[in-house]
């Protein structure tokens, strides 16, 4: 990324202005760590008063400010900038390298100090450092702003997701209150059932939200212990058994003997419950869910395959985002918080792991989670989430 | 023509909303057909030949309702269509079908903000269909 930063050189000596302009105009600083290259546009001013005028008209990114000026001093200029709360980075230039000057200037927010006389290399090196600071500072601001936007968006969607079940339940209660379908309770049965479903969905959303918050805050205590993976899969399958039987979905567990890993049981359960309940939820009646466990070198993997409605490659792509519920005719009666897979992804990251999905519309979807056997670093890194393609 | 013979087609992917509106509209004397997507809506439209359509803006796509309106009006220019939209409260973008110009490109006769108040919907239906004979 190529950038141009503006520098204002303020010095009452014409030679210093000319020299600074000549050296810095030809200077380009490369910062491999930021993937940036910076060139400089130089302006000069001979007095503090002229400097303030130039700054007001065309604010520079970096100010090379001579301490001793004929009218108002460099320190006064710096003071005025502090009052205006600009984010101009100041390098104070002075022939007097007394400690007092340094302290006074630093107190007023000068970033660095350059002592006269200096060599062209010293000037370049100082400007190079200052420009790096400007870039890093701007990048941090940008990231903070992006994070803020993501949070706003999250809260906006969350608000909508919480409002929608309330509106549904309210609507049913209104109908019941005015006895639209008569005085018998029977005709209202579906409405009661749907209301309970929407409330249950809302409860799940709130619980997921709390899980997500705990993981993201990093405050959740991780209790790592040796866990038998088979046992956890059995427990997760047990939770969906009634629903699977009701819809004639067979639950198949391809056992691979005892597979152990160091994990937090709670975290592991969240992963397995999410994947297995999704496999039932998004399945067709009479379909099947197949769970396979694999014992690999230093890591274990669990795959959960369903014979359900599947997804298009575009749908798989969006899958792990928060509130990225796939909305189509096939999912209209399926309730979900839209946070489950986003939570799975975050937990898997704690285990230095990986979630992958393979899916084909109307054929089925297979999720594979790979976890480090040693419980992982617990650092929330980036997880590879590869999408799409028909199952092999 | 009596109110009982009038058919209203509801197209919305919100199952709870269609269930509720169906109950209320039937209680008000209408015959009601329901579809839960733009695609299904097109099929049901051909089957039931409704007197009025109430359609949601955002279904499979963010503008499914517009597309549906467009096709419906191409087939039946006289068919009154009410477009339900949560857009105003969601994104702050306001739509209105007050002027002739807006109506000419948004093929709907009335717009209602979600959440829908049944009284408002009923008033719009009466306005578009005329009072029950």
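Residue numbers (my numbering), protein chains in the order written: chain A, 1 to 392; chain B, 1 to 133. C-beta: ideal position from N, C-alpha, C; glycine also.
Less than 9 Å between the beta carbons of residue i and residue j, yes or no?
i	j	result
residue 135 of chain B	residue 9 of chain B	Shown here, chain B extends from 1 to 133; a query on residue 135 of chain B therefore has no answer.
residue 111 of chain B	residue 79 of chain B	no
residue 44 of chain B	residue 11 of chain B	yes
residue 56 of chain B	residue 114 of chain B	yes
residue 282 of chain A	residue 309 of chain A	yes
residue 350 of chain A	residue 376 of chain A	yes
residue 78 of chain A	residue 38 of chain A	no
residue 127 of chain A	residue 62 of chain A	yes
residue 223 of chain A	residue 264 of chain A	yes
residue 5 of chain A	residue 131 of chain A	yes
residue 69 of chain A	residue 10 of chain A	yes
residue 92 of chain A	residue 101 of chain A	yes
residue 279 of chain A	residue 367 of chain A	yes
residue 161 of chain A	residue 337 of chain A	yes
residue 16 of chain B	residue 168 of chain A	yes
residue 106 of chain A	residue 113 of chain A	yes
residue 59 of chain B	residue 37 of chain B	yes
Just the C-alpha distance for residue i and residue j, rounded to the nearest angstrom, thanks.
i	j	result
residue 439 of chain A	residue 26 of chain B	For chain A, the structure presents residues 1 to 392; residue 439 of chain A sits outside this window and is missing.
residue 289 of chain A	residue 201 of chain A	23 Å
residue 141 of chain A	residue 57 of chain A	24 Å
residue 21 of chain A	residue 124 of chain A	11 Å
residue 270 of chain A	residue 344 of chain A	7 Å
residue 20 of chain B	residue 358 of chain A	38 Å
residue 250 of chain A	residue 362 of chain A	18 Å
residue 318 of chain A	residue 64 of chain A	49 Å
residue 7 of chain B	residue 163 of chain A	30 Å
residue 92 of chain B	residue 49 of chain B	For residue 92 of chain B, the predicted structure reports a pLDDT of 48, less than 50, and the residue's modelled location is therefore unreliable. The matter cannot be settled from this model.
residue 41 of chain A	residue 60 of chain A	9 Å
residue 183 of chain A	residue 151 of chain A	47 Å
residue 137 of chain A	residue 129 of chain A	12 Å
residue 195 of chain A	residue 296 of chain A	46 Å
residue 1 of chain B	residue 128 of chain B	Low confidence applies here, because residue 1 of chain B scores a pLDDT of 49, under 50, leaving its location unreliable; read the following figure in that light. One C-alpha to the other measures close to 15 Å.
residue 287 of chain A	residue 360 of chain A	15 Å
residue 66 of chain B	residue 76 of chain B	15 Å
residue 117 of chain B	residue 39 of chain B	26 Å
Which residues in chain A have a C-beta closer than 9 Å to the C-beta of residue i? List them in chain order.
i	result
residue 80 of chain B	Residues of chain A passing the Cβ test: none, with the nearest at roughly 24 Å.
residue 43 of chain B	Within chain A, no residue comes near residue 43 of chain B; the closest Cβ sits about 11 Å away, beyond 9 Å.
How about residue i: is its Cβ closer than 8 Å to a heavy atom in the ligand ADP?
i	result
residue 256 of chain A	No copy of the ligand ADP occurs in the structure displayed, which carries no ligand at all.
Which chain B residues are close to residue i, counting only those with a beta carbon under 7 Å from its beta carbon?
i	result
residue 20 of chain A	Neighbours of residue 20 of chain A on chain B: none; closest Cβ ~50 Å, over 7 Å.
Assuming residue i contacts residue j (C-beta within less than 8 Å), just tell me the rounded distance between them.
i	j	result
residue 81 of chain B	residue 72 of chain B	6 Å
residue 54 of chain A	residue 46 of chain A	Their Cβ separation, rounded to whole angstroms, is 10 Å, which puts residue 54 of chain A and residue 46 of chain A out of contact at 8 Å.
residue 300 of chain A	residue 237 of chain A	Between residue 237 of chain A and residue 300 of chain A the Cβ distance is about 17 Å, and since that is not below 8 Å, they are no contact.
residue 111 of chain A	residue 143 of chain A	Rounded, the Cβ-Cβ distance is 21 Å, inconsistent with contact.
residue 293 of chain A	residue 226 of chain A	Not confirmed; about 15 Å, so no contact.
residue 24 of chain B	residue 180 of chain A	6 Å
What does residue i reach in chain A if we use C-beta pairs closer than 7 Å?
i	result
residue 23 of chain B	175, 180 and 181
residue 20 of chain B	171, 172 and 175
residue 115 of chain B	167
Could you list which residues in chain B have their beta carbon closer than 8 Å to that of residue i, in chain order?
i	result
residue 284 of chain A	By Cβ distance, chain B contributes nothing, its closest Cβ being about 18 Å from residue 284 of chain A, past 8 Å.
residue 198 of chain A	16
residue 194 of chain A	15, 16 and 19
Name the chain A residues that come within less than 8 Å of residue i, Cβ to Cβ?
i	result
residue 27 of chain B	180 and 181
Continuous alpha helix (DSSP H) assignments of at least 4 residues falling wholly in the stretch 254-283 of chain A: Counting only runs of 4 or more, we get 265-281.
Threshold first: 4 residues or longer. Then list the alpha helix (DSSP H) segments lying entirely within the stretch 74-154 of chain A, N to C. Uninterrupted alpha helix (DSSP H) stretches at least 4 residues long and entirely within the stretch 74-154 of chain A occur at 74-83 and 99-107, given in chain order.
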